[in-house]
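Visitor: Before anything else, here's the structure in question.
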Amino acid sequence: MTSPSNYSSAPASKFLLICFPNYQSWQHWLALPFSFLFLLAMGANTTLLITIRLEASLHEPMYYLLSLLSLLDMVLCLTVIPKVLAIFWFDLRSISFSACFLQMFIMNSFLPMESCTFMVMAYDRYVAICYPLRYPSIISDQFVAKASAFIIARNALLLSPVPILSARLRYCGKNVIENCICANLSVSRLSCDNITVNRIYQSVAGWTLLGSDFILIFISYIFILRAVFKLKTEGAAVKALSTCGSHFILILFFSTILLVVVLTNVARKRVPMDILILLNILHHLIPPALNPIVYGFQTKELKQGFQKLLHRGF
Numbered sequence: 196m197t198s199p200s201n202y203s204s205a206p207a208s209k210f211l212l213i214c215f216p217n218y219q220s221w222q223h224w225l226a227l228p229f230s231f232l233f234l235l236a237m238g239a240n241t242t243l244l245i246t247i248r249l250e251a252s253l254h255e256p257m258y259y260l261l262s263l264l265s266l267l268d269m270v271l272c273l274t275v276i277p278k279v280l281a282i283f284w285f286d287l288r289s290i291s292f293s294a295c296f297l298q299m300f301i302m303n304s305f306l307p308m309e310s311c312t313f314m315v316m317a318y319d320r321y322v323a324i325c326y327p328l329r330y331p332s333i334i335s336d337q338f339v340a341k342a343s344a345f346i347i348a349r350n351a352l353l354l355s356p357v358p359i360l361s362a363r364l365r366y367c368g369k370n371v372i373e374n375c376i377c378a379n380l381s382v383s384r385l386s387c388d389n390i391t392v393n394r395i396y397q398s399v400a401g402w403t404l405l406g407s408d409f410i411l412i413f414i415s416y417i418f419i420l421r422a423v424f425k426l427k428t429e430g431a432a433v434k435a436l437s438t439c440g441s442h443f444i445l446i447l448f449f450s451t452i453l454l455v456v457v458l459t460n461v462a463r464k465r466v467p468m469d470i471l472i473l474l475n476i477l478h479h480l481i482p483p484a485l486n487p488i489v490y491g492f493q494t495k496e497l498k499q500g501f502q503k504l505l506h507r508g509f
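To get this note's numbering, take the position in the sequence shown, counting from 1, and add 195.
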């Protein structure tokens, strides 16, 4: 294996991913639980998508949005985790120049796509609770199609410059990435060029998109809670809140892990790099593994759909 201290005068054609640079023995202990979480995430999301596809009663906008979230989770997981497991199990650290920047593009664009999906789901719950009679006319299949196109286009277009700026840099020094994934800053630090523009664009674009999504989610839930507490019918408030419970738990998973990653990045000098790498991997594993399970247990219609799927012999 190439030493981290090796340099080359020729442009880099591939990179080497070094998981846990200070504690590489960790990977042997983490390989099994990570493999389990990966299989759980793939199996749970696939089952959820098949259930929604086959069960006619689930052909509603709320479940279409949940399907979109599951697809985004699966793409993110498949983009990152198989390579991590290949490093853990088989020590396959090499990754090509193009594959590295493709991974970077998907990670940078799909993560805000998830937060934007949560924002649209919050709006869906807001309309369902605050304007129940107008819900079918506002949240229609056409609305979901337009919202999905907006989610994909907004984040793909605004965040595509991040990997493009990184790919245009000159990599004439060391080619060892001290990370399990091709994170923008981990890769661009290896460049011989100034990366100030790259770093500023990622920070401004990424946090503008994520920040605006979470502000709108927060505002939606303020209006939802106000409407719920005005309900005077017995049990109506509990029923209304239960419809938002699953969605709120998913947002909590997503935002909590993201917040931890952000805080450890801010306190980079105080937090070991290995801990930061571990948190980044978990951020691509825990939400995809738990999201479909939470919705499956919290939503009566999905439970019934799962049961019918099992009875069909799936």
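All C-beta atoms, glycine included, are put in the ideal place defined by N, C-alpha and C.
Do the CB positions of I282 and C377 come within less than 8 Å of each other?
Guide: Here the question's residue 282 lines up with position 87 in the sequence shown. Here the question's residue 377 lines up with position 182 in the sequence shown. In this structure, C377 does not lie closer than 8 Å to I282 by Cβ.
Visitor: With DSSP as the reference, identify every bridge partner of S291, one or two as the case may be.
Guide: Translated into the one-based positions of the sequence shown, residue 291 becomes position 96. Paired residue(s): K209.
Visitor: Would you report the Cα separation of C295 and F305, rounded to the nearest angstrom?
Guide: Translated into positions along the sequence shown, residue 295 becomes position 100. Translated into positions along the sequence shown, residue 305 becomes position 110. So the two alpha carbons sit approximately 15 Å from each other.
Visitor: Could you spell out where the alpha helix (DSSP H) holding F229 opens and where it closes?
Guide: Counted from its first residue, the sequence shown places residue 229 at position 34. That run of the alpha helix (DSSP H) goes W221 to L249.
Visitor: DSSP state of I372, grouped into three classes?
Guide: As a position in the sequence shown, residue 372 is number 177, starting the count at 1. Reduced to three states, the DSSP call for I372 is strand.
Visitor: Which same chain residues end up closer than 6 Å to R288 when comparing Cβ atoms and leaving out the 5 residues on each side of it in sequence?
Guide: Indexing the sequence shown from 1 puts residue 288 at position 93. So the qualifying residues of the chain are L211, L212 and I282.
Visitor: Please report how far the alpha carbon of F418 lies from the alpha carbon of R465, in whole angstroms.
Guide: Here residue 418 is taken as the residue at index 223 of the sequence shown, counted from 1. Here residue 465 is taken as the residue at index 270 of the sequence shown, counted from 1. So the two alpha carbons sit approximately 39 Å from each other.
Visitor: Can you give me the start and stop residues for the alpha helix (DSSP H) that V423 sits inside?
Guide: Walking along the sequence shown from the start, residue 423 turns up at place 228. Where V423 is concerned, the enclosing alpha helix (DSSP H) stretches over T391 to F424.
Visitor: Using 8 Å as the Cβ pair cut-off and three pairs as the minimum, do the segment 367-377 and the segment 396-416 touch?
Guide: No, the segment 367-377 does not touch the segment 396-416.
Visitor: Using a 10 Å radius around the Cβ and a threshold of 16 neighbouring Cβ atoms, would you call S262 buried or exposed?
Guide: Walking along the sequence shown from the start, residue 262 turns up at place 67. Its Cβ being crowded by 16 or more others within 10 Å, S262 is buried.
Visitor: Short of 8 Å in beta carbon distance, which residues of its chain neighbour P216, apart from the five on each side in sequence? Order them along the chain.
Guide: Stepping through the sequence shown from its first residue, residue 216 is reached at position 21. Contacts found: P199, E373, M468 and D469.
Visitor: Since I452 and I481 are thought to touch, with beta carbons under 8 Å apart, how far apart are those beta carbons, to the nearest angstrom?
Guide: For the purposes of this step, residue 452 is taken as residue 257 along the sequence shown, with counting starting at 1. For the purposes of this step, residue 481 is taken as residue 286 along the sequence shown, with counting starting at 1. Correct: roughly 6 Å between the Cβ atoms.
Visitor: Would you call the CB atoms of N303 and V270 closer than 8 Å?
Guide: Your numbering for residue 303 matches position 108 in the sequence shown. Your numbering for residue 270 matches position 75 in the sequence shown. No, the pair does not count as a contact, with Cβ atoms beyond the cut-off.
Visitor: Locate the alpha helix (DSSP H) running through P256, then write down its first and last residues.
Guide: The residue you call residue 256 lines up with position 61 of the sequence shown. P256 -> alpha helix (DSSP H) spans P256 to F285.
Visitor: Answer yes or no: do L280 and A236 have a C-beta to C-beta separation smaller than 8 Å?
Guide: Here residue 280 refers to the residue found at position 85 when the sequence shown is read from its first residue. Here residue 236 refers to the residue found at position 41 when the sequence shown is read from its first residue. Result no, Cβ atoms of L280 and A236 do not sit closer than 8 Å.
Visitor: So which of F338, I346, I324 and K498 has the shortest CA-CA distance to F424?
Guide: Counting from 1 along the sequence shown, the entry for residue 424 is found at position 229. It is I324 whose Cα lies nearest to the Cα of F424.
Visitor: My output table needs one value for P331: the three-state DSSP class, helix, strand or coil.
Guide: As a working mapping, residue 331 is identified with position 136 in the sequence shown. Looking at P331 - three-state DSSP - the assignment turns out to be helix.
Visitor: Can you tell me the Cβ-Cβ gap for M299 and V382, rounded? I've got them flagged as a contact below 8 Å.
Guide: Locating residue 299 in the sequence shown gives position 104, counting from the first residue. Locating residue 382 in the sequence shown gives position 187, counting from the first residue. Indeed, because the Cβ distance is near 7 Å, the residues count as touching under 8 Å.
Visitor: I want to know whether the segment 321-341 touches the segment 243-257 - three or more CB-CB distances under 8 Å.
Guide: The segment 321-341 is in contact with the segment 243-257.
Visitor: Can you tell which of T494, S332, R421 and L360 has the C-alpha that lies nearest to the C-alpha of D388?
Guide: On the sequence shown, residue 388 is found 193 positions in, with the first residue counted as 1. The candidate whose alpha carbon is nearest that of D388 is L360.
Visitor: Which same chain residues end up closer than 6 Å to I446 when comparing Cβ atoms and leaving out the 5 residues on each side of it in sequence?
Guide: The residue labelled residue 446 in the question sits at position 251 within the sequence shown. So the qualifying residues of the chain are F313.
Visitor: Here's the rule: buried if 16 or more other CB atoms are within 10 angstroms of the residue's CB, otherwise exposed. What is T241?
Guide: Position 46 of the sequence shown holds residue 241. By the neighbour-count rule (16 or more Cβ atoms within 10 Å), T241 is not buried but exposed.
Visitor: With A239 and I488 assumed to form a contact (beta carbons below 8 Å), what rounded beta-carbon distance in angstroms separates them?
Guide: The residue given as residue 239 occupies position 44 in the sequence shown. The residue given as residue 488 occupies position 293 in the sequence shown. A239 to I488, Cβ: 6 Å. Contact.
Visitor: Helix or strand or just coil, what does DSSP make of N201?
Guide: Locating residue 201 in the sequence shown gives position 6, counting from the first residue. Reliability of the predicted coordinates at N201 is poor, the pLDDT of 43 falling under 50, and no value is obtained from them.
Visitor: Measuring CB to CB, does L385 end up less than 8 Å from G406?
Guide: For the purposes of this step, residue 385 is identified with residue 190 of the sequence shown, where counting begins at 1. For the purposes of this step, residue 406 is identified with residue 211 of the sequence shown, where counting begins at 1. No, the pair does not count as a contact, with Cβ atoms beyond the cut-off.
Visitor: With L364 as the anchor, note down where its alpha helix (DSSP H) starts and where it stops.
Guide: Within the sequence shown, numbered from 1, the residue matching residue 364 stands at position 169. Taken as a continuous stretch (DSSP letters only), L364 belongs to no alpha helix (DSSP H), as it is neither H nor E.
Visitor: R158 by DSSP, collapsed to three states: which one?
Guide: The requested residue 158 is not part of the displayed model; the chain covers only 196 to 509.
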